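Sequence positions in the sequence shown follow mature numbering (1 follows the signal peptide of the UniProt record, and there is no 0) and run -33 to -1, 1 to 158. Don't be surprised by glycine CBs; every beta carbon is placed ideally from N, CA and C. Source: prediction; values computed, not measured.
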Amino acid sequence: MGFFMLLTSRFYTALASSTLGAALVLSLPSAHAVSFNVEDAQTHDHWQSMSLTLGDERHFRAVETHSYSDATLSVNATQGVCDLPWLEMRVELDASQGESRTVNLVPARLRVDERERIHSVAEFITERADNGFYAHFYLNDIDQLIADMGQGEQLFLGFDQGEQAPWYMTFSLDGAAPALARMQTLCRRAS
């Protein structure tokens, strides 16, 4: 079994059995095995918004931790480049990873409610000394996706697995609108 298949198999196991270390997930800005300080955290139904700081480095996050006990979906922005947010999903694995690497690039599909499907590519990443499995999405129009998320009820994600059936995840958008708006406001104020 190849590493990608092993990792996705562990991904399914993680979805079924792990418990999410919410404090760790909330303290990571993006696929880094570094803990950031969480500041100004606010809950918005199923979403949260916050600032993440470490020295002079500042990130801002809107994150959904409700739909899965061991997976999060987040929209992130960095001070000084607030107009370049990124979408990331993190799934907790059973063990810390031994190396930082891009495991694979896979076709992905995103859809908010019944809106038009967005085709993307997801980069699957592991980070040394981090028990997270990350998916970073390459999107042509993240601004439209963020607008749709603020008006929707659910975000559907689908990942191709070659000859095997795709795997899917669904995240709640209850509270996404105020969390995303606050994340963007915090970032602009800091820039």
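Within the DSSP secondary-structure output, N98 pairs in no beta bridge. Between the alpha carbons of E24 and L122 lies a distance of about 29 Å.
Looking at the backbone, the Cα of E55 and that of S18 are separated by about 16 Å. Per DSSP, the continuous alpha helix (DSSP H) segment holding L112 begins and ends at I109 to Q118. Looking only at L124, P145 and L147, the smallest Cα-Cα distance to V73 is reached by L124. Boundaries of the alpha helix (DSSP H) around L153: A143 to A157. By the beta-carbon neighbour count (other beta carbons within 10 angstroms, threshold 16), H86 is exposed. DSSP places P133 inside the beta strand (DSSP E), whose first and last residues are Q131 to S139.
DSSP lists F27 as the beta-bridge partner residues of A44. Annotation: G117 to L140 spans about 7 Å, alpha carbon to alpha carbon. In the structure shown, G125 falls within a strand segment according to DSSP collapsed to helix, strand and coil.
The beta-carbon distance between A132 and W14, rounded to whole angstroms, is 30 Å. This is too long to meet the 8 Å contact definition.
In the structure shown, A38 falls within a strand segment according to DSSP collapsed to helix, strand and coil. Secondary structure at E66: coil, using DSSP grouped into helix, strand and coil. Pairing G65 with T39, the inter-Cα distance amounts to about 22 Å. The Cβ atoms of F27 and M150 sit closer than 8 Å to each other. With a beta-carbon spacing of about 15 Å, A8 and C154 fall beyond the 8 Å limit used to define contacts.
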